[in-house]
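Per my numbering, the very first residue in the sequence shown carries number 8; after that it's consecutive. Some notes on the structure that comes next.
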Amino acid sequence: MPGSSRTPTATCWPAAWPSAEYGPVRRLRWTPTWSGLRSRCARTITVPNTISVPYPGSPTRRRHSDRRTRHDADHRRDPAEGTAVTAGPDTATVLITGAARGIGAATARRLAASGWSVVLFDRDEEVAEAATSIESTGGRALACRGDVTAESDWAAAIEHTHSTFGPIDALVCNALVTDHAPLHEMALASWQRQLDVNLTGAFHGIRACLPDLRRDRRGAIVIVSSVHAGFGLPGVPGYAATKAGLTGLTRQVATEYGGEVRVNCVLPGPILTAQWDGIPEQDRAASAAETVIGRLGDPDEVAGPIEFLLGASASFVTGATLTVDGGWSITKNSS
8 MPGSSRTPTA TCWPAAWPSA EYGPVRRLRW TPTWSGLRSR CARTITVPNT
58 ISVPYPGSPT RRRHSDRRTR HDADHRRDPA EGTAVTAGPD TATVLITGAA
108 RGIGAATARR LAASGWSVVL FDRDEEVAEA ATSIESTGGR ALACRGDVTA
158 ESDWAAAIEH THSTFGPIDA LVCNALVTDH APLHEMALAS WQRQLDVNLT
208 GAFHGIRACL PDLRRDRRGA IVIVSSVHAG FGLPGVPGYA ATKAGLTGLT
258 RQVATEYGGE VRVNCVLPGP ILTAQWDGIP EQDRAASAAE TVIGRLGDPD
308 EVAGPIEFLL GASASFVTGA TLTVDGGWSI TKNSS
């Protein structure tokens with residue numbers, strides 16, 4: 008955090024931690040992007056008072072110079088137009104927050120299968136397992152265990168990314184926490200932690216990655232917001248406020264960095280993640296019935312639009328919001 012004197016705590020492995028600081032998260036009837044703020048990793052060497060470094064025998068460790076040679080050869084842009092054009096996935100690196108499970112993990116798997124080098128950043132221990140799973144199928148993955156609200160953890164994650172894959176080409180801001188309570192019952196600490204993780208965490212990530220993303224005018228950012236940004240639903244004032252803030256942040260960053268970095272936002276609807284565990288079947292059915300398609304979405308169905316927005320096919324798309332909700336918002340607009 009700004010002004011903090013604590014030493015870096017982020018650790019990274021080729022291949023998220025229990026949210027003790029934030030405590031358990033109470034469940035909503037449904038919340039569309041419940042990947043959570045998670046991270047974990049495997050195979051590390053920890054040096055006291057420093058960040059961890061990738062295990063020397065990691066199969067994903069590549070020579071930075073080799074990566075940059077291919078990276079520079081495969082990128083093209085029109086200097087006259089100043090249009091940001093995203094790197095080809097076979098040479099590009101993407102950092103994804105909230106990547107231990109849910110939408111974040113699905114996005115990491117999908118991008119790795121397309122050839123991206125993926126960096127999974129999360130507090131939860133499961134992030135190591137998610138990265139190891141990607142490596143087991145031939146993908147390139149680096150797991151970083153850290154807190155998106157801590158600048159020192161961002162610095163550590165970026166340092167490890169540089170030493171393993173090289174500079175960052177794309178960023179997916181997906182980390183979140185949420186509490187369920189009406190505003191008059193919500194503690195200030197609960198409100199503040201949602202702002203810190205969901206909104207300020209994205210701010211920290213974008214600011215930390217901008218030097219890489221701007222370096223040759225073809226970086227890309229996708230921010231995972233929610234349909235809650237535009238619709239009021241009972242009991243989620245902190246969540247809704249932060250998601251609305253993320254859509255505003257998307258437009259602002261897209262405006263400020265124009266032809267250097269493309270910035271877009273996805274608005275998921277009811278997506279079936281681990282946060283639905285324990286939700287009664289009748290409540291699931293009721294939420295599914297609110298969509299035009301008539302079912303809950305799968306995290307992979309959000310990962311696809313994210314991949315599109317990061318890729319060259321979306322090279323003229325910036326400042327946009329893409330709704331991925333099975334038609335849920337249509338029913339609200341029509342009522």
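All C-beta atoms in this analysis are idealised placements derived from N, C-alpha and C, irrespective of residue type, glycine included.
Cutting at 6 angstroms between CB atoms, please list the residues of its own chain near residue i, excluding the five before and the five after it.
| i | result |
| --- | --- |
| Thr100 | Ser124, Phe172, Ile175 and Asp176 |
| Thr298 | Gly333, Gly334 and Trp335 |
| Asp307 | Ala113 |
| Arg302 | Ala295 |
Report all residues from its chain with a CB closer than 7 angstroms to the CB of residue i; omit the five preceding and five following residues, and keep chain order.
| i | result |
| --- | --- |
| Ile141 | Ala115, Arg116, Ala119, Val125 and Ala148 |
| Thr330 | Val234, Leu274 and Ser336 |
| Gly97 | First, the amino acid is wrong: residue 97 is Asp here, not Gly. Once the five neighbours on either side are set aside, the close Cβ partners of Asp97 are Gly122. |
| Gln201 | Val184, Thr185, Asp186, Gly245, Tyr246 and Thr249 |
Which residue marks the beginning of the beta strand (DSSP E) containing residue i, and which one marks its end?
| i | result |
| --- | --- |
| Asp129 | Ser124 to Asp129 |
| Pro275 | Val268 to Pro275 |
Alpha carbon to alpha carbon, what distance is there between residue j and residue i?
| i | j | result |
| --- | --- | --- |
| Gln259 | Ala293 | 36 angstroms |
| His167 | Asp223 | 21 angstroms |
| Ala295 | Ser159 | 41 angstroms |
| Ile300 | Ala162 | 42 angstroms |
| Thr207 | Gly145 | 34 angstroms |
| Ile313 | Ala321 | 10 angstroms |
| Val204 | Val184 | 7 angstroms |
| Ile213 | Ala319 | 20 angstroms |
| Leu316 | Val229 | 7 angstroms |
| Gly304 | Leu195 | 32 angstroms |
| Ala251 | Thr338 | 20 angstroms |
| Glu288 | Val268 | 43 angstroms |
| Pro189 | Gly255 | 24 angstroms |
| Gly285 | Ser143 | 30 angstroms |
| Arg68 | Pro218 | In this predicted model, Arg68 has a pLDDT of only 38, less than 50, meaning its place in the structure is not dependable enough to derive any value. |
| Ala135 | Phe238 | 35 angstroms |
| Asp154 | Tyr264 | 26 angstroms |
| His191 | Ala150 | 39 angstroms |
| Thr3 | Asn340 | Nothing can be reported for residue 3: it is not among the residues displayed for the chain, which extend from 8 to 342. |
Is the separation between the beta-carbon of residue i and that of residue j shorter than 8 angstroms?
| i | j | result |
| --- | --- | --- |
| His235 | Thr156 | no |
| Gly245 | Trp198 | yes |
| Thr280 | Arg152 | no |
| Ile110 | Ile278 | yes |
| Leu240 | Ala248 | no |
| Cys180 | Ala227 | no |
| Ala182 | Ala137 | no |
| Leu178 | Leu220 | yes |
| Leu127 | Cys216 | no |
| Asp131 | Thr104 | no |
Closer than 8 angstroms by C-beta to residue i: which residues in its own chain qualify, once you throw out the five before and the five after it? Chain order, please.
| i | result |
| --- | --- |
| Gly326 | Thr257, Arg258, Ala261, Thr262, Val270 and Asn271 |
| Val5 | The displayed coordinates of the chain run from 8 to 342. Any statement about residue 5 would go beyond what the structure contains. |
| Met193 | Asp186, Pro244 and Gly245 |
| Gly311 | Arg117 |
Could you name the residues that DSSP lists as bridge partners for residue i?
| i | result |
| --- | --- |
| Leu178 | Leu102 and Ile228 |
| Ile278 | Gly304 |
List the endpoints of the continuous alpha helix (DSSP H) containing residue i.
| i | result |
| --- | --- |
| Leu329 | Per DSSP, Leu329 belongs to no alpha helix (DSSP H); it is in the beta strand (DSSP E), Thr328 to Val331. |
| Trp161 | Glu158 to Thr171 |
| Phe210 | Gly208 to Arg221 |
| Ala119 | Gly109 to Ala120 |
| Asp290 | Glu288 to Ala296 |
| Thr139 | Glu133 to Ser143 |
| Leu195 | Leu195 to Gln201 |
| Glu192 | Segment: none, Glu192 is in no alpha helix (DSSP H) and carries neither H nor E. |
| Thr262 | Pro244 to Tyr264 |
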